[in-house]
């Protein structure tokens, strides 16, 4: 059985913190987005959920930008040399698309709100600029884009988790110890 990664092969603490914080926020945002769209009519509860969903999206966008900047200046630990080349290529591709989606989804939601004529007010305190005027046709397109990007993210996250579990329980290569703080 291969040895587990050494401390130098682990991700930096900032990378780990950003990974799990963004992951938790994405799960919460997706869940809220899922249930808020099923609430009939325009109710205070629905408005509250929409606000929370937008605040989570803005937070994810800010943290994703921080994560991209951090990643640009801090290399990820290399994958095990025994990992097949196709798996390394797939991992790099999926990670790149995940980063892209962490930026594109909040932006598509922000533009969707703008095209709907609804200003995003972060945490109910900071009004964000409206970059697109109200436009019903664009609103419909941006809604579709936002939903499709979210389902693409969901699919890739499931693949990402399944791959990590495969590495942990089938390959037993200690890959999860690189990103989970309490695994040694």
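Numbering (this note's numbering), first residue to last: 1 to 184.
Backbone N, C-alpha and C fix where the C-beta goes; we use that ideal spot for every residue, glycine too.
As the structure is a prediction and not an experimental result, all values here were calculated from the model.
Which of helix, strand or coil DSSP assigns to residue i
i, result
"residue 8", "For residue 8, the pLDDT reaches just 43, beneath the cut-off of 50, and the residue's location in the model is therefore unreliable, although a value from the coordinates is still provided. Three-state result, residue 8: helix."
"residue 77", "coil"
"residue 16", "helix"
"residue 89", "helix"
"residue 180", "coil"
"residue 82", "coil"
"residue 3", "Because residue 3 sits at a pLDDT of 45, beneath the cut-off of 50, its placement in the model cannot be relied upon, and the point is left open."
"residue 24", "helix"
When the options are compared against residue i, the one with the closest alpha-carbon
i, options, result
"residue 102", "49, 168, 30 and 11", "30"
"residue 50", "174, 125 and 113", "113"
"residue 148", "67, 109, 53 and 71", "109"
"residue 125", "98, 171 and 54", "54"
"residue 156", "93, 17, 48 and 76", "93"
Count the CB pairs spanning the segment 172-181 and the segment 125-133 that are closer than 8 angstroms, and state whether there are at least three. no
Can you list the beta strand (DSSP E) stretches of 3 or more residues lying completely in the segment 32-69, in chain order? none
In chain order, which continuous runs of the alpha helix (DSSP H) of length 4 or greater are located wholly inside the segment 102-177? 136-166
Below 8 angstroms, can you find three or more Cβ-Cβ pairs linking the segment 145-159 to the segment 96-110? yes
Just checking, does the segment 59-79 make contact with the segment 38-48 on the three C-beta pairs under 8 angstroms criterion? no
Indicate whether the contact test is met: 3 or more Cβ pairs, each with one atom in the segment 115-129 and one in the segment 137-144, closer than 8 angstroms. yes
Is it the case that the segment 78-85 contacts the segment 21-28, given that we only count it when at least three CB pairs across the two stretches are under 8 angstroms? no
Check whether the segment 8-15 and the segment 84-91 are in contact - that is, three or more C-beta pairs closer than 8 angstroms. no
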